[in-house]
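Participant: Sharing a structure with you now.
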Amino acid sequence: MKSWYLMNNTPSLSSGGFESDYFNDYNADAIIEMVQSAGQDVIRYNHDLSESNQIKCIIQGTTFTTVLNSMDRTIVGVKGTFNNGDYIYYDGGYWLIDGRTTYNGIFAKSTMSFCQYLLRWQNEKGNIISRWCNLTTSSKYDVGVNKFGKIITPVDDFTVIVTRDSETMNLEYKRVFIDTNTDNPSKVFELTRHDDSLFYYGSDSGIISMIADRTEIKETDNKELMICDYIEPTTPIVHTDDELSYVMLVIYGSTSLTIGGSPRKIQAKLYEGGVYKDNATFTWQITSEYIDYIHYEFTDTELTIWVDNGLNEDTTVTIYAESNTGYAYSKTLNIKSN
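Under our numbering, think of the first position of the sequence shown as 20, with each following residue one higher.
Following this line, the structure appears as structure tokens:
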């Protein structure tokens with residue numbers, strides 16, 4: 020007669036007034052058994068997909084009546100198996116847990132949204148960062164009202180939702196590609212209205228909401244890597260035993276020069292003890308077998324260099340920058356014809 024019970028360890032309830040004690044003792048067992056019997060296997064990832072583990076959970080909302088509803092789900096599981104800002108690999112794609120995960124004493128529950136696009140950018144060191152994000156059109160808010168009257172937003176803008184971490188906290192005003200045509204991408208957006216407070220769930224967890232405003236593509240945008248304002252990551256040359264003190268050359272755009280092409284801007288940065296020194300100055304040296312065809316202008320921190328179209332063969336140029344405190348770095352660039 021007890022075969023219908025879900026729980027294997029069914030409590031023996033009595034009328035002695037201790038029913039709440041039994042509930043507290045067995046509530047965790049109830050959800051574990053329910054998930055094991057009715058749940059499904061998914062893979063949980065942390066914010067940058069560097070850590071993962073397989074979990075069992077129950078996915079709700081799998082039937083829907085609109086396109087937008089098809090990109091939203093509810094996740095239910097054992098407490099501690101997932102959290103805000105995690106990614107769930109389910110149904111052939113990544114889903115971002117964007118709701119505040121709550122626990123009602125029996126199970127944990129949250130909402131999650133389907134991520135259609137892998138956003139890529141560079142941090143200040145030139146490292147390429149990527150995060151899966153959820154995109155919705157902001158044109159659904161085309162006409163609205165504020166205290167000054169009606170407001171209008173462009174129809175080709177997106178609302179972008181990403182997980183909250185130390186990298187995404189610095190995304191404001193970054194330019195990024197949002198384009199599925201990877202062979203010849205042309206759609207570039209600037210990330211504005213970076214909101215890190217509305218969906219902050221405490222303990223540095225949550226999600227970040229932004230608006231992606233359509234903008235123009237630039238020469239410094241690397242289509243092959245799908246990175247806007249591309250800079251060449253550099254490995255510093257250190258002239259002391261202090262590995263936190265070095266000069267970095269930041270190259271904007273392509274890492275090669277084109278004969279007769281547009282000037283390339285290079286910025287020198289100094290770090291001492293791991294701290295960026297914004298008052299550093301530099302001396303520059305430019306060397307090449309064909310130096311007569313190479314032109315440049317420089318300030319204390321920046322170099323602008325270009326090659327005139329009189330050069331008729333590919334070659335290289337070496338750029339050397341030394342700070343006023345004695346740290347130096349050199350970089351060799353290729354010079355190519357069109």
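Don't be surprised by glycine CBs; every beta carbon is placed ideally from N, CA and C.
1. Considering just the uninterrupted stretch of the beta strand (DSSP E) at C152, what are its terminal residues?
2. Looking at the structure shown, is Y312 part of a helix, part of a strand, or coil, going by DSSP?
3. Rank L289, T187, Q304 by C-alpha distance to the C-alpha of N298 and give the top, closest one.
4. Near Y271, what residues of its chain come up, given a Cβ to Cβ distance below 8 Å and the 5 sequence neighbours on each side ignored?
5. Give me the Cα-Cα distance between S349 and M267, rounded to the nearest whole angstrom.
6. With distances taken from CA atoms, which of T199, W114, C76 is nearest L244?
7. Which residue's Cα is closest to the Cα of D67: S342, S185, T201, T344?
8. Identify every run of the beta strand (DSSP E) within the stretch 262 to 313, keeping only runs that are complete inside it and at least 3 residues long; order them along the chain.
9. Helix, strand or coil: how does DSSP classify N189 here?
10. Take Y312 and list the residues in its own chain whose beta-carbon comes closer than 7 Å to its own, dropping the five residues that flank it on each side.
11. Please report how far the alpha carbon of G293 lies from the alpha carbon of S264, in whole angstroms.
12. Taking the continuous beta strand (DSSP E) assigned at L108, which residues delimit it?
13. Buried or exposed: where does D214 fall if 16 or more other Cβ atoms within 10 Å of its Cβ makes it buried?
14. M188 to S216, Cα distance in whole Å?
15. Report the partner residues of C76 according to the DSSP bridge assignment.
16. Spatial neighbours of D60 within its chain, please: CB distance less than 7 Å, with the 5 preceding and 5 following residues excluded, ordered by chain position.
17. Could you tell me the distance, in whole angstroms, from the CA atom of S56 to the CA atom of N65?
Facilitator: In terms of the structure at hand:
1. Within the sequence shown, residue 152 is the residue found at index 133, counting from 1. Note, C152: beta strand (DSSP E), 147 to 156.
2. Residue 312 sits at position 293 when you count from the first residue of the sequence shown. The answer is helix: DSSP assigns Y312 an H, G or I state.
3. Translated into the one-based positions of the sequence shown, residue 298 becomes position 279. Nearest C-alpha to N298: L289.
4. Along the sequence shown, read from residue 1 onward, the residue named residue 271 stands at position 252. These residues qualify, in order along the chain: T239, D248, Y249, I250, R283, K284, I285, Q286.
5. Taking the first residue of the sequence shown as position 1, residue 349 is located at position 330. Taking the first residue of the sequence shown as position 1, residue 267 is located at position 248. When rounded, the separation of the alpha-carbon atoms in S349 and M267 is 9 Å.
6. The sequence position of residue 244 within the sequence shown is 225, counting from 1. When each option's Cα is compared against that of L244, the closest is T199.
7. For the purposes of this step, residue 67 is identified with residue 48 of the sequence shown, where counting begins at 1. The shortest Cα separation from D67 among S342, S185, T201, T344 belongs to S185.
8. 265 to 270, 275 to 277, 283 to 291, 294 to 296, 301 to 306
9. In the sequence shown, residue 189 corresponds to position 170, counting from 1. Residue state, collapsed to three classes: helix.
10. Here residue 312 is taken as the residue at index 293 of the sequence shown, counted from 1. Counting only Cβ-Cβ distances below 7 Å, and skipping sequence neighbours, we find V326, D327, G329, L330.
11. One-based indexing of the sequence shown puts residue 293 at position 274. One-based indexing of the sequence shown puts residue 264 at position 245. If you draw a straight line from the Cα of G293 to the Cα of S264, it comes to about 6 Å.
12. For the purposes of this step, residue 108 is taken as the residue at position 89 of the sequence shown. Residue 108 is actually Tyr in this sequence, not Leu. Start and end: 106 to 109.
13. Here residue 214 refers to the residue found at position 195 of the sequence shown. Under this definition D214 is an exposed residue.
14. Within the sequence shown, the letter at position 169 stands for residue 188. Within the sequence shown, the letter at position 197 stands for residue 216. Approximately 11 Å between the Cα atoms of the pair.
15. Counted from its first residue, the sequence shown places residue 76 at position 57. Looking at the DSSP assignment, C76 forms a beta bridge with Q59.
16. By one-based count along the sequence shown, residue 60 stands at place 41. Within the same chain, Cβ atoms closer than 7 Å to the Cβ of D60 are found at Q73, K75, the five residues on either side in sequence being excluded.
17. Here residue 56 corresponds to residue number 37 of the sequence shown, with the count starting at 1. Here residue 65 corresponds to residue number 46 of the sequence shown, with the count starting at 1. Rounded to the nearest angstrom, the two C-alpha atoms are 26 Å apart.
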